[in-house]
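Participant: In my numbering, the protein residues as written are 256 to 577.
Just so it is clear, CB atoms sit at the ideal spot from N, CA and C, and this is done for glycine as well.
Note that the coordinates shown come from a computational prediction; the quantities given were computed from them, not determined experimentally.
(1) In whole angstroms, give me the CA-to-CA distance for residue 544 and residue 555.
(2) Pick out the complete alpha helix (DSSP H) segments inside the stretch 325-391, 4 residues or longer, and give them in chain order.
(3) What three-state label does DSSP hand residue 572 in the structure shown?
(4) What is the rounded straight-line gap between the Cα of residue 501 and the Cα of residue 468?
(5) Among the candidates 299, 308, 264, whose CA atom is the shortest distance from the CA of residue 508?
(6) Counting pairs of beta carbons, one from the stretch 514-529 and one from the stretch 304-314, are three or more of them closer than 8 Å?
(7) Nearest by alpha-carbon distance to residue 412: which of 511, 317, 282 is it?
(8) Using a Cβ-Cβ cutoff of less than 8 Å, which residues in the same chain neighbour residue 257 once the five nearest sequence positions on both sides are dropped?
(9) Going by alpha carbons, who is nearest to residue 504 out of 277, 278, 292?
(10) Could you check if residue 369 is buried or exposed, using at least 16 other CB atoms within 10 Å of its CB as the buried criterion?
(11) If you count every other CB in all the chains shown that lies within 10 Å of the CB of residue 542, and 16 or more means buried, which is it?
(12) Could you compute how far the alpha carbon of residue 514 sits from the alpha carbon of residue 365?
(13) Check each candidate in 361, 496, 559, 331 and name the one with the smallest Cα separation from residue 419.
(14) Would you kindly work out how many angstroms separate the C-alpha atoms of residue 492 and residue 371, rounded to a whole number?
(15) Looking at C-beta atoms only, is the number of pairs between the stretch 429-438 and the stretch 343-356 that lie closer than 8 Å three or more?
(16) Looking at residue 455: is its Cβ nearer than 8 Å to the Cβ of residue 437?
(17) Helix or strand or just coil, what does DSSP make of residue 526?
(18) Which of the three DSSP states, helix, strand or coil, is assigned to residue 400?
(19) Please tell me whether residue 448 and residue 521 are closer than 8 Å, where the distance is taken between their beta carbons.
(20) May I have the straight-line CA-CA distance separating residue 280 from residue 287, to the nearest angstrom?
(21) Can you tell me whether DSSP reads residue 469 as helix, strand or coil?
(22) From residue 482 to residue 367, what does the alpha carbon distance come to, in whole angstroms?
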């Protein structure tokens, strides 16, 4: 009976620990994706704000003459020196030709993608922006990143787009910093930012680099995509794991327009033991089970003699003293 009571107590405690772990993982996953949304909100703000610079509007309205290009480059270098979360700022004319950039100058004269140019030219107002889908970019040495764009408008005719400004987010560094803050050095925990189909944007596990597909329960990703969050126990990498997933909900007006921003999910995985085979589980369960031979056993009086635990039939005991 004592063994059964202990078994029930331990099982209840274990369930409490698992429930607490699921709740903590869900909270951390939501925190991570909220941090991402807040950061990307700032990226959207930055490109829109810098597109209003009078020097850029005037230079591009005049056709981006060669003599004005050094001034544009100097302005971009000054801004980039203050905002180190970007590896590159660049400006392009109405034809999509990059005329000035920070960082390596080998991209000057190259063209922005046609789809990007059409999207920027179609932005309705200075409140709008365009972000390229997360993926490899020649402006980021072929590595995957976010590139945000805003239209530069004629200084006297706001409806006329004369070019655009692009900002290249240092995703490899900044996204990893966010994830590391959530994992906080715990060796049994990994965090990821993924697309709804499980493709990794960034992660703390080198076994799943950016661009790879995280081998995770599709139901977890689907539930988080639909409901905003989900947490459950899963098998992953030969381990039992607490898994939590959360979808970016947006920040202020960021993500308020469906389809403008790429959906992103955060995933947190915390392992707590190796997978067991059915035979191992059965054997472990057999050791823990109590198989009483009698419904009511004998009662014993327990005492110590010289530190040795001993017992007598309780019916033979007349009196017990200190």
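Facilitator: Looking at the coordinates:
(1) Residue mapping note: residue 544 aligns to position 289 of the chain shown, counting from 1. Residue mapping note: residue 555 aligns to position 300 of the chain shown, counting from 1. Its pLDDT being 47, under 50, residue 544 is placed unreliably by the model, and nothing is read from it.
(2) 369-376
(3) Position 317 of the chain shown, counted from the first residue, corresponds to residue 572. Of the three classes helix, strand and coil, the one that applies to residue 572 here is coil, per DSSP.
(4) Walking along the chain shown from the start, residue 501 turns up at place 246. Walking along the chain shown from the start, residue 468 turns up at place 213. Cα to Cα, the separation comes out at about 17 Å.
(5) The sequence position of residue 508 within the chain shown is 253, counting from 1. If we check each option's Cα against that of residue 508, 299 comes out closest.
(6) Cβ pair count under 8 Å is below three, so no.
(7) As a working mapping, residue 412 is identified with position 157 in the chain shown. When each option's Cα is compared against that of residue 412, the closest is 317.
(8) Counted from its first residue, the chain shown places residue 257 at position 2. Cβ neighbours of residue 257 beyond the five flanking positions: none.
(9) Position 249 of the chain shown, counted from the start, is the residue given in the question as residue 504. That would be 292, whose Cα lies nearest to the Cα of residue 504.
(10) Taking the chain shown and counting its residues from 1, the one referred to as residue 369 is at position 114. With fewer than 16 Cβ atoms within 10 Å of its Cβ, residue 369 is classed as exposed.
(11) Translated into positions along the chain shown, residue 542 becomes position 287. Bear in mind that a pLDDT of 46 at residue 542, under 50, signals an unreliable position, so the model cannot answer this.
(12) Residue numbering aside, residue 514 sits at position 259 when the chain shown is read from its first letter. Residue numbering aside, residue 365 sits at position 110 when the chain shown is read from its first letter. Going by the C-alpha atoms only, they are around 28 Å apart.
(13) The residue given as residue 419 occupies position 164 in the chain shown. Measuring from the Cα of residue 419, the nearest candidate turns out to be 331.
(14) The count along the chain shown starts at 1 and reaches residue 492 at position 237. The count along the chain shown starts at 1 and reaches residue 371 at position 116. About 39 Å.
(15) no
(16) Here residue 455 refers to the residue found at position 200 when the chain shown is read from its first residue. Here residue 437 refers to the residue found at position 182 when the chain shown is read from its first residue. Between residue 455 and residue 437, the CB-CB gap reaches or exceeds 8 Å.
(17) Taking the chain shown and counting its residues from 1, one reaches residue 526 at position 271. DSSP, reduced to helix, strand and coil, places residue 526 within a strand of the structure shown.
(18) Taking the first residue of the chain shown as 1, we reach residue 400 at position 145. Note: residue 400 maps to strand in three-state DSSP.
(19) Locating residue 448 in the chain shown gives position 193, counting from the first residue. Locating residue 521 in the chain shown gives position 266, counting from the first residue. Going by C-beta atoms, residue 448 is nearer than 8 Å to residue 521.
(20) Counting from one through the chain shown, the residue named residue 280 turns up at place 25. Counting from one through the chain shown, the residue named residue 287 turns up at place 32. For residue 280 and residue 287, the distance between alpha carbons rounds to 11 Å.
(21) As a working note, residue 469 is residue 214 in the chain shown. If DSSP states are grouped into helix, strand and coil, residue 469 belongs with coil.
(22) Position 227 of the chain shown, counted from the start, is the residue given in the question as residue 482. Position 112 of the chain shown, counted from the start, is the residue given in the question as residue 367. Taking the straight line from one Cα to the other gives about 37 Å.
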